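*Asks:*
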Amino acid sequence: MALQIRASLGLDPWDVFHQGVSRHVPLSFGTITMIVGAVVLLLWIPLRQKPGLGTVSNVFVIGLSVDEGLRLLPVLHGLPLRLAVLAAGVVLNGLAGGLYIGARFGPGPRDGLMTGYVRRSGRSIRLVRTGIEVTVLVVGLLMGGQVGIGTVVYAVAIGPLVQFFLPMLTVPHANDTNDAGRTPGDGTGVDHPGRVRGGAVRAASRG
1 MALQIRASLG
11 LDPWDVFHQG
21 VSRHVPLSFG
31 TITMIVGAVV
41 LLLWIPLRQK
51 PGLGTVSNVF
61 VIGLSVDEGL
71 RLLPVLHGLP
81 LRLAVLAAGV
91 VLNGLAGGLY
101 IGARFGPGPR
111 DGLMTGYVRR
121 SGRSIRLVRT
131 GIEVTVLVVG
141 LLMGGQVGIG
151 TVVYAVAIGP
161 LVQFFLPMLT
171 VPHANDTNDA
181 GRTPGDGTGV
191 DHPGRVRGGA
201 VRAASRG
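Its first residue numbered 1, the sequence shown is counted upward by one per residue in my numbering.
Structure below.
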């Protein structure tokens, strides 16, 4: 997240929203990320979505980490360097998504909102995810969040990246073994690349 912010070429939809909020309140980007995550968790209640260790960790660890990253990373100059940093940020985000989903400790607040609404409404993941992210993107843009090529790169690349990393990083579950003692599919506990059994998302952002 800090790499994408320092690249100054556009952020993913939720971070456009977080940055937009930061333009109007005297709080750090990480603090806003944590507050928004906690508020989103409240929306889980009517959806009867249950948080896990990964859910709570997502709220605090990411917010604290992005503030520390922004403190350590300097302001970047020169388009080639900024493009390289943007690419690194998006790839690392895909890796992080594969790690936290594959750990099976619960989705992040934002992904849980999506999966909970999908379960309660019966609508498709694609429709619900698109609706949520377009909404936060537009609101964030109106508040002054940065949209640019990085926003497009993230939207196009994050799904394939998580899909690539997830089968390698998913921790096998005891119920994943079949009668032959092998996991169905590719042996990772993933029904097919990018979809964890039990309803996890195909392409998480950062929770």
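Using N, Cα and C, we set each Cβ at its ideal position, and we do this for glycine too. These numbers were taken from a predicted model, which means no experiment stands behind them.
Exposed or buried, which one is I101 when buried takes at least 16 other CB atoms within 10 Å?
*Replies:* Per the 10 Å Cβ criterion, buried.
*Asks:* Is the beta carbon of G150 closer than 8 Å to that of A7?
*Replies:* In this structure, G150 lies closer than 8 Å to A7 by Cβ.
*Asks:* How many whole angstroms separate the CB atoms of Q146 and L11, which I take to be in contact at a CB cut-off of 8 Å?
*Replies:* Sure, about 6 Å apart at Cβ, within 8 Å.
*Asks:* Please name the residue, chosen from F165, L3, V162, that lies closest to V75 on a Cα-to-Cα basis.
*Replies:* Cα-wise, what sits closest to V75 is L3.
*Asks:* Can you tell me which of the three DSSP states D12 falls into?
*Replies:* D12: coil per DSSP, three-state reduction.
*Asks:* Determine the burial state of G144: buried for a count of at least 16 other Cβ atoms within 10 Å of its Cβ, exposed for fewer.
*Replies:* By the 10 Å Cβ count, G144 comes out exposed.
*Asks:* If the criterion is Cβ atoms closer than 8 Å, does the pair V139 and F17 meet it?
*Replies:* In contact: V139 and F17 (Cβ atoms closer than 8 Å).
*Asks:* Taking only the alpha-carbon atoms, compute the straight-line gap between Q19 and G116 and give it to the nearest angstrom.
*Replies:* Answer to the nearest angstrom: the Cα atoms are 26 Å apart.
*Asks:* Decide if P167 is buried, meaning its Cβ has at least 16 other Cβ atoms within 10 Å, or exposed.
*Replies:* Its Cβ being crowded by 16 or more others within 10 Å, P167 is buried.
*Asks:* Going by alpha carbons, who is nearest to V118 out of P46, P13, I5?
*Replies:* Closest option to V118, Cα to Cα, is P46.
*Asks:* If you measure between the beta carbons of L161 and I132, is that distance less than 8 Å?
*Replies:* In this structure, I132 does not lie closer than 8 Å to L161 by Cβ.
*Asks:* Could you give the distance in angstroms between the alpha-carbon of D186 and the alpha-carbon of Q163?
*Replies:* Since pLDDT at D186 reaches only 39, below the 50 mark, its modelled position is unreliable, and the value read off the structure follows with that caveat. Those two C-alpha atoms are separated by around 13 Å.
*Asks:* When you compare the stretch 52 to 60 with the stretch 28 to 44, are there three or more beta-carbon pairs, one atom per stretch, that lie closer than 8 Å?
*Replies:* Because the criterion of three Cβ pairs below 8 Å is met, the stretch 52 to 60 and the stretch 28 to 44 touch.
*Asks:* Quick one: what does DSSP say D179 is sitting in, helix, strand or coil?
*Replies:* Because the pLDDT of D179 is 43, which lies under 50, any placement of that residue in the model is unreliable, and the number read from its coordinates should be weighed accordingly. The answer is coil: DSSP assigns D179 none of H, G, I, E or B.
*Asks:* For L137 and P13, which I take to be in contact (beta-carbon distance under 8 Å), what is that distance rounded to the nearest angstrom?
*Replies:* Yes, they are in contact, since the Cβ atoms of L137 and P13 sit about 4 Å apart, within 8 Å.
*Asks:* Excluding the 5 residues flanking L169 on each side, which residues of the same chain have their C-beta closer than 6 Å to its C-beta?
*Replies:* For L169, where only same-chain residues beyond five positions count, the Cβ hits under 6 Å are G98, L99, G102.
*Asks:* Report the three-state DSSP secondary structure of S28 (helix, strand or coil).
*Replies:* Coil at S28, not helix or strand.
*Asks:* Using the rule of at least 16 other Cβ atoms within 10 Å of the residue's Cβ for burial, across every protein chain shown, is D15 buried or exposed?
*Replies:* When all chains shown are included, D15 counts as buried.
*Asks:* What is the C-beta distance between L41 and G106, in whole angstroms, given that I count them as a contact (C-beta under 8 Å)?
*Replies:* With 8 Å as the limit, L41 and G106 do not qualify as a contact, their Cβ atoms being about 11 Å apart.
*Asks:* Between L83 and I125, what straight-line distance do the alpha-carbon atoms span, to the nearest angstrom?
*Replies:* So the alpha carbons of these two residues sit roughly 30 Å apart.
*Asks:* Using CA atoms only, rank isn't needed, just tell me which of L92, L79, T31, H173 is closest to E68.
*Replies:* Nearest option by C-alpha distance: T31.
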